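Asks: The structure that follows is given in the form of structure tokens.
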């Protein structure tokens, strides 16, 4: 496993960075899951408990970033737009989608058609696998207690994750 830093405003649009899945994961991790059924139950409960306004706000930010990426032709030299979502939501005017100018959309499609999609999919699959490894590692690190003790059998899981099983 290796740590890979992403540039700010990554045009990869890693939705984890925008908080969509983290909002659910934070709720799901309240429970210590010992098996797949526990994980499924905790995830289902998280979906019931998550504030849909939070998810909508994150998704709107993602859409705005997608629009900005198209404006800069795939570069990461853009500013994350602020649309005052809280104020719009308070007066009932927060949209669920961002409308994009037709010419900008066509330009974005033209850029995509000139891209080797198979290569990008392979790169994305690798990036997602690495992000999932890092997320699992981060989750395990969050479960460490203040005195350095690990809960239950987490020490074994963490050792396996770090590849240091032989030190146990």
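In my numbering, the protein residues as written are 49 to 216.
Each residue gets a CB set at the ideal place from its N, CA and C atoms; glycine is no exception.
On a predicted model such as this, the values are computed, not experimentally measured, just so you know.
Between the stretch 110-128 and the stretch 91-98, can you find at least three pairs of beta-carbon atoms closer than 8 Å?
Replies: The stretch 91-98 is not in contact with the stretch 110-128.
Asks: My assumption, with CB atoms under 8 Å, is that residue 112 sits in contact with residue 129. Please give the rounded CB distance.
Replies: 4 Å between Cβ atoms; contact.
Asks: Who are the Cβ neighbours of residue 156 in its own chain at under 7 Å, not counting the five residues just before and after it?
Replies: Result list for residue 156: 118, in chain order.
Asks: Classify residue 105 as buried or exposed, calling it buried when 16 or more other Cβ atoms lie within 10 Å of its own Cβ.
Replies: Buried, because 16 or more other Cβ atoms sit within 10 Å of the Cβ of residue 105.
Asks: Going by DSSP in three states, residue 118 sits in which element: helix, strand or coil?
Replies: Residue 118 falls in the helix class under three-state DSSP.
Asks: From residue 67 to residue 133, what does the alpha carbon distance come to, in whole angstroms?
Replies: Distance between the alpha carbons of residue 67 and residue 133 is about 15 Å.
Asks: Could you round the C-beta distance between residue 159 and residue 122 to whole angstroms and report it? I think they count as a contact, below 8 Å.
Replies: About 6 Å separates the two Cβ atoms, so the contact holds.
Asks: If you run the structure through DSSP and keep just helix, strand and coil, what is residue 161?
Replies: Helix at residue 161.
Asks: Can you look up residue 106 in the DSSP assignment and give me helix, strand or coil?
Replies: Residue 106: helix per DSSP, three-state reduction.
Asks: Is it the case that the Cβ atoms of residue 108 and residue 131 are separated by a distance below 8 Å?
Replies: Yes; because the gap between Cβ atoms is below 8 Å, this pair is in contact.
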